[in-house]
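Counting along the sequence shown from 1, when you hit position 65 you're at 65 in this note's numbering, and nothing is skipped either side.
Idealized CB from N, CA, C, for every residue including glycine.
Okay, structure first, notes after.
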Amino acid sequence: MVRLISVSLLIVSVFLPELSLAQTTPWTLQKCINHAFENNLQIKQSALGTDQSETGYLSAKSAFFPSLNASGSHGYNIGMTLDPFTNSFALGAIRSNNFGLSSGVTLYNGFKNHLNLKRARIGLDLAATNLEQSKNDLALMISAAYLNVLFQEEFSTIAILNLDATKRQVDRISKLIDAGAAAAADLLDVKAQEASDFATLISTENSRQLAKLNLVQLLQLSNEEATSFEVVRPRSEDLVTSDIPANASSAVSFAIQSFPEIRAAGLSVDDAYLSLDIAKTNYLPRLFGSYNFGSGYSENIKGADLQPIPFTTQLSANINQSIFFSLSIPVFNSFASRSSVQLAEIGVLQSKYAQESTAQVLTQSIESAWADAFAAQKSLLAQEAALASAELAFANTEIKFEAGAISALEYADSRTLLDNARINSLRTRYDLVFKTKILDFYQGKAITLR
């Protein structure tokens with residue numbers, strides 16, 4: 001009796017944290033995914049990449065605008081110097097001021113600015129698809145970790161039930177021995193089974209805690225949040241497994257048309273072609289226009305009274321303007337332009353191969369996922385049949401054991417077969433659930449457990 005109490009207390013201590021947090025609102029799978037989208041550092045980094053691309057796009061648009069700069073100077077010329085306003089030499093300390101505005105604009109550069117703007121637009125789309133892909137990858141990781149927590153919790157429940165059943169047998173055989181109706185050897189066998197069941201319980205609890213820790217780390221919860229973290233725990237038989245399509249072609253067709261990695265690969269090809277066009281603009285001439293407006297003041301400019309003409313009067317009188325056009329025609333630049341074009345052509349081929357490879361890898365992944373789900377479905381049917389047979393066999397064994405027709409060792413062997421059948425059926429069910437959810441994902445369906 002003391003042993004039964006101590007074992008029961010230990011079981012309670014193993015699950016005490018969960019009992020003490022019974023009032024905590026458990027997390028659904030969707031809540032976990034939403035939390036990860038909002039708080040995951042990799043997602044935040046991908047979002048910053050989108051912000052960077054937006055800044056680059058605005059910068060590319062700004063390249064079409066002319067530049068505008070203002071300038072001003074205030075100085076003293078000491079000694080003999082040429083006054084630019086009087087065009088004569090002056091002696092002494094002469095104060096002068098200069099003010100000006102200058103503007104420049106690219107009139108023609110082979111439409112390089114237009115091409116850069118198109119590249120920036122592609123960069124913006126690429127950043128968005130990369131963010132979407134990061135979210136897809138994270139959602140799959142969260143789903144796998146969440147289902148693993150559910151599996152380990154059910155595994156722990158089975159271990160508790162098994163240990164409880166063995167404890168009842170220990171108590172029963174002890175009473176039979178006291179009554180002289182059973183041999184002491186039977187009790188030793190059942191005690192050995194009890195010790196084995198208890199070790200299994202500790203092992204499953206360790207696995208459960210590790211599975212929970214993995215999910216908590218993926219969610220990047222704080223210590224306080226992790227302490228109270230629990231998941232919604234549906235029964236394994238309530239978990240919905242989606243229908244498996246007759247073949248993988250429909251999922252492949254959908255994914256090839258809509259998945260972010262495919263879109264990103266296509267955008268990379270477009271970007272490579274634009275890079276090639278931009279490299280070719282180095283062969284073309286460039287036309288640049290500029291405009292300058294200025295005025296100034298000099299103490300050396302004097303009026304009829306031999307006094308310096310007033311500051312504002314000089315600024316109005318000394319206004320000067322200029323317009324320039326400059327044309328640059330590339331003749332020879334050490335084959336730099338040709339090299340950049342050749343590298344861009346190689347980049348186009350690389351992007352095309354990468355696009356084909358991405359589509360190929362995705363197709364193979366979907367086909368493998370379909371085959372895995374189909375195999376898991378057949379495996380579950382086999383495991384459920386094996387479980388049904390093991391349950392019938394164990395029920396018959398229990399009757400024989402209660403009647404004293406078989407030994408405790410034979411009873412333990414039958415119980416072990418039943419335990420293994422339960423675990424295999426449970427593992428296969430969760431495996432099928434996860435694999436059908438992957439197929440749902442490839443078909444553009446939301447990942448849910450119900």
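Which full runs of the alpha helix (DSSP H) of 4+ residues lie inside the stretch 218 to 274, going along the chain? Contiguous alpha helix (DSSP H) elements confined to the stretch 218 to 274 occur at 223 to 227 and 249 to 258, taking only those with 4 or more residues.
Validate contact between the stretch 219 to 231 and the stretch 420 to 431 using beta carbons, cut 8 Å, 3 pairs: At 8 Å Cβ cutoff, the stretches do not touch.
Taking all protein chains shown into account, decide if residue 415 is buried (16 or more other Cβ within 10 angstroms of its Cβ) or exposed. By the neighbour-count criterion, in which 16 or more other beta carbons inside 10 Å mark a residue as buried, residue 415 falls on the buried side.
Leaving out the 5 sequence neighbours to the left and right, which residues in its chain are closer than 8 Å to residue 122 when beta-carbon positions are compared? Around residue 122: 267, 270, 271 and 274.
May I have the straight-line CA-CA distance separating residue 126 from residue 256, to the nearest angstrom? Going from the Cα of residue 126 to the Cα of residue 256 covers about 16 Å.
Between the stretch 92 to 104 and the stretch 293 to 306, are three or more C-beta pairs nearer than 8 Å? Counting C-beta pairs closer than 8 Å gives three or more between the stretch 92 to 104 and the stretch 293 to 306, which meets the contact rule.
Per DSSP, what kind of secondary structure is residue 33 in: helix, strand or coil? Helix.
What whole-angstrom Cβ distance do residue 244 and residue 436 have, given they're in contact under 8 Å? Yes, they are in contact, since the Cβ atoms of residue 244 and residue 436 sit about 6 Å apart, within 8 Å.
Assess, as a yes-or-no matter, whether the stretch 32 to 40 is touched by the stretch 123 to 142 under the definition of 3 or more beta carbon pairs within less than 8 Å. Inter-segment contact for the stretch 123 to 142 and the stretch 32 to 40 is present: three or more beta-carbon pairs are separated by less than 8 Å.
Kindly indicate the opening and closing residues of the alpha helix (DSSP H) around residue 353. That run of the alpha helix (DSSP H) goes 336 to 402.
Candidates 369, 183 and 336: closest to residue 408 by CA position: Ranked by how close their Cα comes to the Cα of residue 408, the residues 369, 183 and 336 have 183 in first place.
Report yes if the C-beta distance between residue 265 and residue 358 is below 9 Å; otherwise report no. Cβ distance < 9 Å, so residue 265 and residue 358 count as in contact.
Residue 110 (DSSP reduced to helix, strand or coil): Three-state DSSP puts residue 110 in coil, outside helix and strand.
How many angstroms separate the CA atom of residue 316 from the CA atom of residue 309? About 11 Å.
If distances are taken between C-alpha atoms only, which option among 152, 168, 217 and 233 comes closest to residue 200? For residue 200, the closest C-alpha among the options 152, 168, 217 and 233 is that of 152.
Please classify residue 295: does DSSP put it in a helix, a strand, or coil? Reduced to three states, the DSSP call for residue 295 is strand.
Is it buried or exposed for residue 441, if we count other Cβ within 10 angstroms and need 16 for buried? With 16 or more other CB atoms across the displayed protein chains lying within 10 angstroms of its CB, residue 441 is buried.
According to DSSP, is residue 325 helix, strand or coil? Correct three-state label for residue 325: strand.
Taking the alpha-carbon of residue 239 as reference, which of 44, 31, 433 and 142 has the nearest alpha-carbon? For the residues 44, 31, 433 and 142, the minimum Cα distance to residue 239 belongs to 433.
Where do the N-terminal and C-terminal ends of the beta strand (DSSP E) with residue 70 fall, by residue? First-last of the beta strand (DSSP E) with residue 70: 67 to 77.
Residue 22 classed as buried or exposed, judged by whether at least 16 other C-beta atoms fall within 10 angstroms: For residue 22, the pLDDT reaches just 45, beneath the cut-off of 50, and the residue's location in the model is therefore unreliable, although a value from the coordinates is still provided. With fewer than 16 other CB atoms across the displayed protein chains lying within 10 angstroms of its CB, residue 22 is exposed.
Are the Cβ atoms of residue 147 and residue 411 separated by less than 9 Å? Contact: no.
Alpha-carbon spacing of residue 14 relative to residue 428, whole angstroms: In this predicted model, residue 14 has a pLDDT of only 46, less than 50, meaning its place in the structure is not dependable enough to derive any value.
Can you give the Cα-Cα distance for residue 400 and residue 203, rounded to whole angstroms? A straight-line Cα-Cα distance of about 31 Å links residue 400 and residue 203.
Secondary structure, alpha helix (DSSP H): runs of 4+ residues fully inside the stretch 112 to 188: For the stretch 112 to 188, whole alpha helix (DSSP H) runs of length 4 or above, ordered along the chain, are 112 to 178.
Classify residue 353: buried if its beta carbon has 16 or more other beta carbons within 10 angstroms, exposed otherwise. Exposed is the call here.
How far does the alpha helix (DSSP H) with residue 283 in it reach, from first residue to last? Per DSSP, residue 283 belongs to no alpha helix (DSSP H) and is neither H nor E.
Could you give the C-beta distance for residue 279 and residue 331, rounded to a whole number, given that I count them as a contact under 8 Å? So it is not a contact: roughly 18 Å between Cβ atoms.
Residue 225 to residue 161 span [Cα, whole Å]: Distance between the alpha carbons of residue 225 and residue 161: 30 Å.
Among 131, 116 and 69, whose alpha-carbon lies nearest the alpha-carbon of residue 290? The option with the nearest alpha carbon to residue 290 is 69.
Cutting at 7 Å between CB atoms, please list the residues of its own chain near residue 60, excluding the five before and the five after it. Counting only Cβ-Cβ distances below 7 Å, and skipping sequence neighbours, we find 116, 117 and 120.
Per DSSP, what kind of secondary structure is residue 331 in: helix, strand or coil? It is coil, neither helix nor strand.
Among residues of its own chain, excluding the 5 on either side of residue 176, which ones have a beta-carbon nearer than 7 Å to its beta-carbon? 182.
Which whole-angstrom value is the C-beta distance of residue 439 and residue 29, which I expect to be below 8 Å? Not a contact, Cβ separation roughly 16 Å.
Buried or exposed for residue 205, going by 16 or more other Cβ atoms inside 10 Å? Looking at its Cβ environment, which holds 16 or more other Cβ atoms inside 10 Å, residue 205 is buried.
Quick check: residue 109 and residue 287, are their CB atoms within less than 9 Å of each other? Result yes, Cβ atoms of residue 109 and residue 287 sit closer than 9 Å.
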